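Everything below concerns the one structure shown next.
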Amino acid sequence: MLIQSVDSNEPLSSEITPRPIYSERRYFLKQLAQGVAGAGLAAWASRQAMAGVAAPGKLAPLPGATSLVAGAMVMEKITTYQDASTYNNYYEFGTDKADPARNAHTLKTKPWTIEVEGLIKKPGRWGVEDLIKWSAMEERIYRMRCVEGWSMVIPWVGYSLSELIKRIEPLGSAKYIEFITLADPKTMPFVGSSILDWPYREALRMDEAMHPLTLLTFGMYGEILPNQNGAPVRLVVPWKYGFKNAKSIAKIRFVEKEPVNSWGRAAPQEYGFYSNVNPNVDHPRWSQSTERRISEDGLLSKKRKTLMFNGYEKQVASLYAGMDLSKYF
Ligand code: MTE
28 MLIQSVDSNE PLSSEITPRP IYSERRYFLK QLAQGVAGAG LAAWASRQAM
78 AGVAAPGKLA PLPGATSLVA GAMVMEKITT YQDASTYNNY YEFGTDKADP
128 ARNAHTLKTK PWTIEVEGLI KKPGRWGVED LIKWSAMEER IYRMRCVEGW
178 SMVIPWVGYS LSELIKRIEP LGSAKYIEFI TLADPKTMPF VGSSILDWPY
228 REALRMDEAM HPLTLLTFGM YGEILPNQNG APVRLVVPWK YGFKNAKSIA
278 KIRFVEKEPV NSWGRAAPQE YGFYSNVNPN VDHPRWSQST ERRISEDGLL
328 SKKRKTLMFN GYEKQVASLY AGMDLSKYF
């Protein structure tokens, strides 16, 4: 695994870097040392990481400029589009990892509007095609870690959620943002099942939502999102477990009190509000200290170590300064 954030000079653990790409990493670090920073280098790294994993070109293109947001670029082997789009959790379409790809073709993503409401100066309802234009599209290669112990590396396309938040002008009393997703029993076969309380909901504290890494996501692998990955718009918060990343968002609500998210309601002792990736705080039923990278780590290979805040510690640890993370898990 080859990890390098644009602004980071920290030595990277060779333990988590497989040999075949080690030399590329050294080249990359040499480039950094020579001061070849900025868009050119980021584009180079992005190209290296993307080699051989392009989307099949079936969906509309949605290119984004290589992002320079601190730590947004991860130079690791990217998960293939095939794996990223066929091994999913999207319980509205079934509980098996293959179900969303099999069933989500019924999701109707056009027209699609998002309602933005609550403690803000400019509430409204916007079509997703308008929201796409609110800020420049960026491509960000993020490490993703599911609470179940698997991980992927995905090139997402979108812009920082903070861009949207600034435009709708939250009131001082808005402390949290809730994301409410579509729950349409006509097109989503498992809505109404007892697995979860529908619609699927997630939420962030305002400073987490404003953090530049938090991505309002419209595409992946240079194309619009496939339905099973949360089309037409979803959240990606790379330092948190995957279930925080609400798919197919229909409503964004600004509130004062900490909202209860779907998994927190279903099993509060297992899924906390924060859900930050933390190898030191185990899930009550399994360890969170290691993970398996989908399509790279076979069942018999040694699992790789999970990184604090999924490797984004430098960028986000200050959000949780002074908090007992075993209590606020
Ligand atoms: N969003 C909705 N609406 N419904 C879901 O079931 N599952 C979550 C999250 N967002 C889910 C959802 C979980 S558990 C995970 S791990 C991620 O989506 C998976 O996202 P991916 O399929 O793009 O990897």
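Each residue of the sequence shown is one higher than the one before, counting from 28 in the numbering used here. A virtual CB, placed ideally from N, CA and C, is assigned to each residue, including glycine. Just so it is clear, the structure is predicted and the values come from calculations on it, not from any experiment.
Asked                                                                                                                                                                                           : Found
Starting from the C-beta of Glu-119, find all residues in its chain whose C-beta is less than 6 Å away, skip the five residues before and the five after it, and write them out in chain order. : Met-215, Phe-217, Val-218
Can we count Ala-273 as close to the ligand MTE, meaning its CB is less than 8 Å from some heavy atom?                                                                                          : yes
Given the structure, does Tyr-108 come close to the ligand MTE, in the sense that its CB is under 8 Å from one of the ligand's heavy atoms?                                                     : no
Would you give the residue range spanned by the beta strand (DSSP E) that Gly-151 belongs to?                                                                                                   : 151 to 154
Cβ atoms of Ala-111 and Asn-428: under 9 Å apart, would you say?                                                                                                                                : Because the chain spans 28 through 356 in this model, residue 428 falls outside it and cannot be assessed.
From Ser-200 to Leu-326, what does the alpha carbon distance come to, in whole angstroms?                                                                                                       : 48 Å
Rounded to a whole number of angstroms, what is the C-alpha to C-alpha distance between Ser-41 and Glu-142?                                                                                     : For Ser-41, the pLDDT reaches just 33, beneath the cut-off of 50, and the residue's location in the model is therefore unreliable, although a value from the coordinates is still provided. Spanning the two alpha carbons is a distance of roughly 46 Å.
Going by C-alpha to C-alpha distance, which of Gln-315, Pro-259, Lys-284 sits closest to Leu-134?                                                                                               : Pro-259
Just to confirm, does Glu-229 get its C-beta within under 8 Å of one of the non-hydrogen atoms of the ligand MTE?                                                                               : yes
In the structure shown, what three-state DSSP assignment does Tyr-301 receive?                                                                                                                  : coil
Put Gly-291 into one of helix, strand or coil per three-state DSSP.                                                                                                                             : helix
Give a yes or no on whether the C-beta atoms belonging to Ala-76 and Pro-182 are separated by under 9 Å.                                                                                        : yes
Please classify Gly-145 as buried or exposed, where buried requires at least 16 other C-beta atoms within 10 Å of its C-beta.                                                                   : buried
Would you say Met-102 and Ser-94 are within 9 Å of each other, going by their C-beta atoms?                                                                                                     : no
Just curious, the alpha helix (DSSP H) that Tyr-108 is in, first and last residue?                                                                                                              : 108 to 111
Using 8 Å for Cβ pairs, my map puts Lys-202 next to Arg-232. What's the rounded Cβ distance?                                                                                                    : 7 Å
Label Pro-88 either buried or exposed according to how many other C-beta atoms from any shown protein chain fall within 10 Å of its C-beta, with 16 as the threshold for buried.                : exposed
Can you round the beta-carbon distance between Ile-204 and Phe-281 to whole angstroms, since I take them to be within the 8 Å contact cut?                                                      : 6 Å
Verify whether the separation of the beta carbon atoms of Tyr-298 and Tyr-347 is less than 9 Å.                                                                                                 : no
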